[in-house]
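Chemist: So that we are looking at the same thing, I have put the structure below in structure tokens.
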């Protein structure tokens, strides 16, 4: 199994979610936060897969230091395997 991290979501979206909440296929999960909500970044989605939470609960780093890079490559596989690209 694996865990997913969805970063840069709107605060209103986060208030509607809770750990263990069941979601239906196709159900909207959240909305993207604006610059004021996500640290000044241009609105976008940070999608991260995680196979081992390393003891973290409720949050997980979306970035790592160079010293942690080998570990993160092992426990955070490429997330694009979950993304379905529409046909042109």
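In our numbering, the protein residues as written are 22 to 109. Built from N, CA and C at the ideal position, the CB exists for glycine as well.
Just reading off the alpha helix (DSSP H) that residue 96 is part of, what are its end residues?
Modeler: 90-96 is the extent of the alpha helix (DSSP H) around residue 96.
Chemist: Around the Cβ of residue 97, are there at least 16 other Cβ atoms within 10 angstroms (buried) or fewer (exposed)?
Modeler: That one is buried.
Chemist: May I have a chain-ordered list of the beta strand (DSSP E) segments no shorter than 3 residues that lie completely inside the stretch 35-77?
Modeler: Listed in chain order, the complete beta strand (DSSP E) runs (minimum 3 residues) inside the stretch 35-77 are 67-71.
Chemist: Quick one: Cα of residue 58 to Cα of residue 31, how far?
Modeler: Answer to the nearest angstrom: the Cα atoms are 7 Å apart.
Chemist: Residue 72 to residue 37, Cα distance in whole Å?
Modeler: When rounded, the distance between both Cα atoms is 25 Å.
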